[in-house]
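All remarks here apply to the structure that follows.
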Amino acid sequence: MSKLPERRELRADLVQRRRELKPAERVAAASGLRRSLEQLPEFLTDTHVAGYWATGGELPLNVAIGPLSDRGQTFYLPIVTKSGGKRRLTFAPWTTGQDVESNELGIPEPKAATHIIEADKLDLVLVPLLGFDRKGNRLGFGGGYYDRSFEFLRDQARPAKPLLVGVGYHFQELPGIETAEWDIKLDYVATDKELIDCTGGAA
Numbered sequence: 001m002s003k004l005p006e007r008r009e010l011r012a013d014l015v016q017r018r019r020e021l022k023p024a025e026r027v028a029a030a031s032g033l034r035r036s037l038e039q040l041p042e043f044l045t046d047t048h049v050a051g052y053w054a055t056g057g058e059l060p061l062n063v064a065i066g067p068l069s070d071r072g073q074t075f076y077l078p079i080v081t082k083s084g085g086k087r088r089l090t091f092a093p094w095t096t097g098q099d100v101e102s103n104e105l106g107i108p109e110p111k112a113a114t115h116i117i118e119a120d121k122l123d124l125v126l127v128p129l130l131g132f133d134r135k136g137n138r139l140g141f142g143g144g145y146y147d148r149s150f151e152f153l154r155d156q157a158r159p160a161k162p163l164l165v166g167v168g169y170h171f172q173e174l175p176g177i178e179t180a181e182w183d184i185k186l187d188y189v190a191t192d193k194e195l196i197d198c199t200g201g202a203a
């Protein structure tokens, strides 16, 4: 029996739960995320750190990434590009207050982006998700952008550069996620409550 309907329903449920959060809960969660991420030494020292522009109730990164520039780190946002008829991600520097514009998918990207780099040039990536488990499996949005963009990690000993850190609310944790051969595992998951090391539980 196909698992697709089950995944669609699960995604819809998780999206709805995120959207139901009150503004004060989002603010508190953003502060909690910063505390979780700052338990990871690489987040405090890595030079090239990528993240995402929070949409659809995603856990905001604004509190966590605020201190990056003061530490001499560069923050990047993804840019969706097409390669071989499939969408993948490249990354462009972005700073707070810099203009963004929505792409054809409605996702904000840095406007007039320059110094675009490939995924393998990053040191650490904050990866959005809908669900996760403690083995580093991720339930994404179904587009496969991250799996395609970081497929070069599949044959490498993990953890490797870039470090993949899933970001989500604690209630997005699932007991397990059915995986496919093209899925790329996360090294860590940072929630509003804790930092989860997935490297020891990789199957």
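Everything in the sequence shown is counted per UniProt numbering, starting at 1 for the first residue and increasing by one. C-beta atoms are modelled at their ideal positions from N, C-alpha and C, and glycine is treated no differently. The structure displayed is predicted, hence computed values, not measured ones.
Using DSSP with H/G/I as helix, E/B as strand and the rest coil, what is residue i?
i    : result
P41  : helix
T169 : Inspection of the sequence shows that residue 169 is occupied by Tyr rather than by Thr. Residue state, collapsed to three classes: coil.
I196 : strand
E181 : coil
F150 : coil
K121 : helix
E58  : coil
G144 : coil
T191 : coil
Report yes if the C-beta distance between residue i and residue j is below 9 Å; otherwise report no.
i           : j    : result
residue 242 : A112 : Look at the range of the chain in this structure, 1 to 203, and you will see that residue 242 is not part of it.
K193        : H170 : yes
G136        : G166 : yes
V125        : F152 : no
P162        : L105 : no
T191        : L59  : yes
G144        : W94  : no
L179        : D187 : Here residue 179 turns out to be Thr, not Leu, going by the sequence shown. The answer is no: Cβ separation not under 9 Å.
P78         : E109 : yes
R148        : I177 : no
Can you give the Cα-Cα distance for residue i and residue j, rounded to whole angstroms?
i           : j    : result
V27         : G168 : 14 Å
Q39         : Q172 : 20 Å
Y52         : A64  : 12 Å
H48         : P128 : 17 Å
P175        : H115 : 40 Å
D70         : R11  : 37 Å
V100        : G57  : 18 Å
R18         : T55  : 10 Å
Y76         : F132 : 23 Å
L33         : S83  : 33 Å
F141        : L130 : 7 Å
L37         : V189 : 9 Å
E6          : V15  : 14 Å
D13         : P159 : 31 Å
R8          : S31  : 30 Å
residue 279 : R87  : With the chain running from 1 to 203 in the structure shown, residue 279 is simply not present.
Q156        : I196 : 21 Å
A29         : I107 : 22 Å
S102        : A50  : 18 Å
Specify, as a first and last residue, the run of the beta strand (DSSP E) that residue i falls within.
i    : result
E101 : V100 to S102
G83  : First, the residue type needs correcting, since residue 83 is Ser and not Gly in the sequence shown. It spans T74 to S83 - the beta strand (DSSP E) in which S83 sits, taken as one unbroken run.
A50  : H48 to A50
A64  : It is not in any beta strand (DSSP E) - A64 instead sits in the alpha helix (DSSP H) that spans N62 to I65.
R88  : K86 to P93
P108 : P108 to P110
Just reading off the alpha helix (DSSP H) that residue i is part of, what are its end residues?
i  : result
E9 : L4 to R19
Counting only C-beta atoms, is residue i closer than 9 Å to chain B at any point?
i    : result
G140 : Looking at the structure shown, chain B is missing, and only one protein chain is on hand.
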